[in-house]
Amino acid sequence: MSGRLDGKVAMITGAARGMGATEARLFAREGARLVLGDVLDEALAKLASELEGAGHEVLAQRRDVTQESEWAAFVAAAEARFGRLDVLVNNAGILDMAGIEETSGEAWDRVVAVNQTGVWLGMKAAVPAMRRAGGGSIVNKSSIFGIVGSGGSAAYHATKGAVRLLTKTAALQYAPEAIRVNSVHPGYIDTPMVREAMPEVGEMSDELIAMQVPLGRMGLPEDIARGVLYLASDESSYVTGAELVIDGGVTAR
Ligand SMILES: NC(=O)c1ccc[n+]([C@@H]2O[C@H](COP(=O)([O-])OP(=O)(O)OC[C@H]3O[C@@H](n4cnc5c(N)ncnc54)[C@H](O)[C@@H]3O)[C@@H](O)[C@H]2O)c1
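According to the working numbering, the sequence shown is numbered sequentially starting from 556.
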């Protein structure tokens, strides 16, 4: 059986855990050769050996998305190992739940550096390689918090909203070169990010979740990975500048 990403080289940032790791596993099963980056060395190395043990081709490197020089080295390493780059998933992100007055300048700058500057630097570094490959697909991780407000998480909202429109303007700039750029907007997804920020999530009653989420459950990383796979693959070849909301109906209200 052929895979939906056969022949493609896919780079995923923040791949060591959470959604990024789930996307790496799914992409590998669908035939992609993988280029994985994160700042969590141990977890990244563990994932890489798991995937290699299952017979997949993986290049895993410690890469901080806030550093332009690291992006250049990362893309160069991908092309040196696999000869091309077809897909970039700008997945790495951090959460800060502080409100407007409670957010320090330092915290603001850090969230912007990872969630917003990191996405811009990723596209800047990957586009020349995709041009050499004859086209490509970039998937930027935004959030439902890039579409609606929540009354907190000031820096997070600002960056996720920025990613939404950065995606659309990049889509327009690169459409003539067959490089598609789309954003994904997850709702409440059960990952280490959410567990660390809100330890009470594990104890949320079914009733409380049902009140928050029309489909009546928290999302799983797999729910998001399947949407990212669609956008990464040629099945979405007429889709660019789009925002794929995967939130169990939260923003339909
Ligand atoms: N979990 C949710 O409910 C939710 C909802 C909407 C959007 N998102 C977004 O989805 C993406 C993945 O989130 P997750 O829930 O899997 O989080 P996570 O914390 O489980 O995983 C994020 C990964 O990004 C990595 N990372 C952080 N800073 C980095 C840096 N400077 N360079 C490279 N890697 C870095 C982390 O080490 C981690 O492995 C994020 O962009 C997040 O904002 C999450």
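C-beta: ideal position from N, C-alpha, C; glycine also.
| task | For residue 788, count neighbouring Cβ atoms within 10 angstroms of its own Cβ and tell me buried if that reaches 16, exposed if not. | result | buried
| said: Less than 7 Å between C-beta atoms, sequence neighbours within five positions excluded: which residues of the same chain meet that for residue 655? | reply: 709
| From residue 786 to residue 571, what does the alpha carbon distance come to, in whole angstroms? | 21 Å
| message | Which same chain residues end up closer than 7 Å to residue 776 when comparing Cβ atoms and leaving out the 5 residues on each side of it in sequence? | response | 573, 574, 577, 744, 746
| Is there at least one non-hydrogen atom of ligand 1 closer than 6 Å to the beta-carbon of residue 682? | no
| residue 610: buried (16+ other C-beta within 10 angstroms of its C-beta) or exposed? | exposed
| said: On the DSSP letters alone, give me the boundaries of the alpha helix (DSSP H) that residue 678 sits inside. | reply: 673–688
| When we look at the beta-carbon of residue 795 and count the other beta-carbons within 10 Å, is it buried (16 or more) or exposed? | buried
| message | Our contact map puts residue 805 next to residue 768 with C-beta atoms below 8 Å; I'd like the distance itself, whole angstroms only. | response | 6 Å
| said: Is it buried or exposed, residue 568, if we count other Cβ atoms within 10 angstroms and call 16 or more buried? | reply: buried
| said: Assuming residue 737 and residue 694 are in contact, meaning their beta carbons sit under 8 Å apart, how far apart are those beta carbons, in whole angstroms? | reply: 6 Å
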